[in-house]
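Enquirer: Next up is a structure, given as C-alpha cells.
Protein chains in written order, with this note's numbering: chain A, 186 to 463; chain B, 224 to 590.
Have a look at this one:
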C-alpha cells in the first residue's frame, strides 16, 4: 500500500489550495477589522458581536433557516413517494424516469430560475391560465411562495436521487421474507422499506438543506429582493458594501451552523443504521 | 423595427467581415500586427469595462483599423473592478464611474493622460468638460454620462402627480405594490436625501438617520420590489407603474413602450459620468491613448450611443441623437439636464458608502 501514498499528494495539494487556504482566509477576515495605515488589520470579535446582537440580522438568519426547513420538508414529502414509485418500476422505465428527474439539472440553475420568473409573473403562464377561468391575476412572483417553490424545484432532484438509490439497492428478498412471515403491505413498508431507506432520506436532507440555507439568487430573483436571506446579506457585504470582514464573519457563523447540522444528521444516520440491525 | 434593421445590418457586416477575413488575409493581418507592435510596442490592448457597454462594431473596427487585438473583460461593479486593481491586475484602459475615479486618483492607480495623443478631445460635449471628479481632465476622458430618474406609466399615473411629488411619489400609497426600486444603497439613499432636501454627499449622522427612516417607511408602506437590470425588461412589459431607472436604460424602455414616460425630479438627482482612464501599471499606454482617441471619433461614438442608449460625450453625436426624429428626439430620458439646480455628482467616501450599505441591508431585511 505504501507505494500508493505518493499518489495522494496532488489531491492533498489540491485540497490545501482550493479548500483549506480560502477557509483560513475567511477565518482570518472574520476575526479582524481593517485598521489604520501602520497596522493594516487588528484582531476583534466585533464582527460576531455585531451579528448576534442585531435583531434585524437575527431575523434574517431565522428566516433563512425557516425557509430552508420548509423547503427540505416539502422535498421529503414530495420526493419520497416519487422515489418510491420510480423504484417499483421495471428496469427500463426506472432508468428513464431517473433520467427525466435529472434532466433539468443539466440546465444552469440561474437560467431555470429566470424561467420561473416568466412563469410566475403577473402576466405569466400561470396567471394566463387562471385568467381563462376569470381568476386573477394572483400575485405569485415576489412572494415567499415563489421563493420556496423555486428552492423546492431546484433542489428536489437531489432528494429523489438519494432516496431512490437507497430504495433501489434494497434486497427485494427482504420484502418476500416479510410477506412470508405474514406482514401486510403497510407493515412491510413501515418495518422494512422505510427503515432501510432512511439513510437515503438523511443524506437527501443534507443535500437539500445546505444549498437552501445559503442560496442567494433564488430569493433575489423570485422574492424580488424583499426576502433577504443570509446568503443575500453575505453577497451584499462582499459585492456592494465592501465589508469583507463582516461578510466573512457571517459566512463563518453559517459554516458552523451547517457543520453542527451535519454532525446531528450523521448521528441520526448512525442511530438509524444501528436501529435497523436490532 | 429600427432595432431589427440595425441588428440585420450588424449581422450582415459581421458576415461580410468574416468573409473578408477568411480569404487569405492571414499574411496581411500578420503584417499589420507587426506594424502595430513597431508603432505601439505591442499589439494587444486590455480593456476593462462594465458589461454590455460598448458599440456593436467598435471593438472589431478598432482592431481592424489599427491591426491590434483587444482583450475585453467586464466587471459587475466599480467595487469589483477596484478589488482586481488592488490585487495587481493590469489593464490598458478602464472605464469606471466618477466617484471611483476619485478613489483611483487618490490611490495612485492611474497615470496622467498625454493629451497630445488624444486630439479628438476637441469633440467632447461641453456638458462633460470640467466635471468635478477630474476638473481639468488630467486622468480621464468621459465615455458615457447620464442621470437617474423615474420611469412611469402615464396611463396609470398622472404626470402632474409625478412632477409635483418628485421622489416622494415613491411613498404615495396610491401606488403601493406597483413600484420598482433600484437595489443599490447608493441610488436609494440618493433619492431619500434629495426628497428630504439634503445633499446626497452628506455625512451628517442626523441626515443619514432621516434618510434611513424615509426608506424604511417606503419599504413598510409600499411593498416595493427591489431589482437591478431586470427593471429594463420588466418596465418594457409594463409590469409595474413606477420605477427608479438610469437614464440610458430609461431611453431604451421609452423607445420600446409608448406608455412610459420619464421624469427627473426637481428635488435633484445624481448626474454621473463614466470615463476612460489608463491605469498606472498599464502595459501598453500608447495603444491605450490611441483607443481613447478612437472612441471619441464620430463613428465610434455613434456606434456606442446607438447600441448602449446612454448620452454620448461626443458633442456632434449627442446633438444628432437628441434632435433627430428617427433617433431619440422626443425621448425625454436621453439627454440628461444640465440646469438642475439640485443635481449633484457622487464623491468618493468609503466610510459613508459602508455606512449606507449597513443601513440599506437593514431597510430591506426588516420585512
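Every residue, glycine too, gets a C-beta built ideally from N, C-alpha and C. In this text, all values refer to a predicted model and were calculated from it rather than measured experimentally.
Hey, quick one: how far does the beta strand (DSSP E) through residue 376 of chain B stretch, first residue to last?
Expert: 371 to 376 is the extent of the beta strand (DSSP E) around residue 376 of chain B.
Enquirer: Within a Cβ cutoff of 6 Å, which residues of the same chain sit near residue 272 of chain B, ignoring the five residues on either side of it in sequence?
Expert: If we look at residue 272 of chain B and ignore the five residues flanking it on each side, its Cβ neighbours are 318.
Enquirer: Can you name the residues of chain B whose CB is closer than 8 Å to the CB of residue 327 of chain A?
Expert: The answer, in chain order, is 448.
Enquirer: Around the Cβ of residue 339 of chain A, are there at least 16 other Cβ atoms within 10 angstroms (buried) or fewer (exposed)?
Expert: Classification for residue 339 of chain A: buried.
Enquirer: Go ahead and label residue 248 of chain B buried or exposed: buried means 16 or more other beta carbons lie within 10 angstroms of its beta carbon, across all protein chains shown.
Expert: Note that residue 248 of chain B scores a pLDDT of 46, beneath 50, so its modelled location is shaky and nothing firm can be said.
Enquirer: Determine the chain B residues that contact residue 353 of chain A at a beta-carbon separation under 7 Å, and present them in chain order.
Expert: Here the premise fails: no neighbours, minimum Cβ distance about 41 Å.
Enquirer: Between the Cα of residue 130 of chain A and those of A:365, A:430, A:449, A:341, spot the shortest distance and give me the residue it belongs to.
Expert: Only positions 186 to 463 of chain A appear in this structure, which leaves residue 130 of chain A out of reach.
Enquirer: For residue 465 of chain B, which residues in chain A fall below 8 Å Cβ to Cβ?
Expert: Those within 8 Å of residue 465 of chain B in chain A number zero; the least Cβ separation is about 15 Å.
Enquirer: Return the residue from the list B:257, B:573, B:300 that minimises the CA-CA distance to residue 274 of chain B.
Expert: The shortest Cα separation from residue 274 of chain B among B:257, B:573, B:300 belongs to B:300.
Enquirer: List, in chain order, every chain A residue whose beta-carbon is nearer than 9 Å to that of residue 418 of chain B.
Expert: None at all; the shortest Cβ gap to chain A is about 20 Å.
Enquirer: For residue 241 of chain A, which residues in chain B fall below 7 Å Cβ to Cβ?
Expert: In chain order: 585, 588, 589.
Enquirer: The segment 422 to 454 of chain A: which residues have C-beta closer than 7 Å to a C-beta of chain B, in chain order?
Expert: Residues passing the 7 Å Cβ filter: 424, 425, 426, 427, 428.
Enquirer: Going along the chain, which unbroken runs of the beta strand (DSSP E) with 3 or more residues stay wholly within the segment 408 to 440 of chain A?
Expert: Segments of the beta strand (DSSP E) lying fully in the segment 408 to 440 of chain A: there are none.
Enquirer: Check residue 560 of chain B in the structure and name its three-state DSSP category.
Expert: Residue state, collapsed to three classes: coil.
Enquirer: Counting only beta-carbon separations shorter than 7 Å, does residue 386 of chain A have a partner in chain B?
Expert: So, not an interface residue.
Enquirer: Counting only Cβ pairs nearer than 8 Å, list the residues of chain B close to residue 413 of chain A.
Expert: 584, 587, 588, 590, listed in chain order.
Enquirer: Which chain B residues are close to residue 410 of chain A, counting only those with a beta carbon under 9 Å from its beta carbon?
Expert: Correct list: 404, 406, 447, 448, 449, 450, 451, 587.
Enquirer: Report the residues of the segment 268 to 300 of chain B with a CB closer than 8 Å to any CB of chain A, ordered along the chain.
Expert: So the list reads 299, 300, given in the order they occur along the chain.
Enquirer: Checking contacts by CB at 7 Å: is residue 601 of chain B closer than that to chain A?
Expert: Since the first and last residues shown for chain B are 224 and 590, residue 601 of chain B lies out of range.
Enquirer: Counting contacts by CB-CB distance shorter than 7 Å, is residue 296 of chain A in contact with chain B?
Expert: No, residue 296 of chain A does not count as interfacial toward chain B.
Enquirer: Under 7 Å Cβ-Cβ, which residues of chain A neighbour residue 482 of chain B?
Expert: Those within 7 Å of residue 482 of chain B in chain A number zero; the least Cβ separation is about 14 Å.
Enquirer: When the Cα atoms are used, what is the spatial distance from residue 323 of chain A to residue 297 of chain B?
Expert: For residue 323 of chain A and residue 297 of chain B, the distance between alpha carbons rounds to 38 Å.
Enquirer: For residue 513 of chain B, I'd like the list of residues in its chain whose CB is within less than 8 Å of its CB, leaving aside the five on either flank, ordered along the chain.
Expert: Cβ neighbours of residue 513 of chain B beyond the five flanking positions: 263, 289, 340.
Enquirer: Just to make sure I have the definition right: I need the residues of chain A whose C-beta is within less than 9 Å of the C-beta of residue 580 of chain B. Which are they?
Expert: Chain A residues near residue 580 of chain B: 421, 422, 425, 426, 427, 428.
Enquirer: Using a Cβ-Cβ cut-off of 7 Å, state whether residue 560 of chain B counts as contacting chain A.
Expert: Taking Cβ atoms only, chain A never reaches closer than 7 Å to residue 560 of chain B, which makes this a no.
Enquirer: Alpha carbon to alpha carbon, how far is residue 351 of chain B from residue 287 of chain B? Give it in angstroms, no decimals.
Expert: When rounded, the distance between both Cα atoms is 29 Å.
Enquirer: Rounded to the nearest angstrom, what separates residue 344 of chain B and residue 363 of chain B at their Cα positions?
Expert: About 11 Å.
Enquirer: Measuring alpha carbon to alpha carbon, tell me which of B:564, B:392, B:503, B:540 ends up nearest residue 309 of chain B.
Expert: Comparing Cα-Cα distances from residue 309 of chain B to each of B:564, B:392, B:503, B:540, the minimum goes to B:503.
Enquirer: Which same chain residues, not among the five before or five after residue 577 of chain B, have their C-beta less than 8 Å away from its C-beta?
Expert: Counting only Cβ-Cβ distances below 8 Å, and skipping sequence neighbours, we find nothing.
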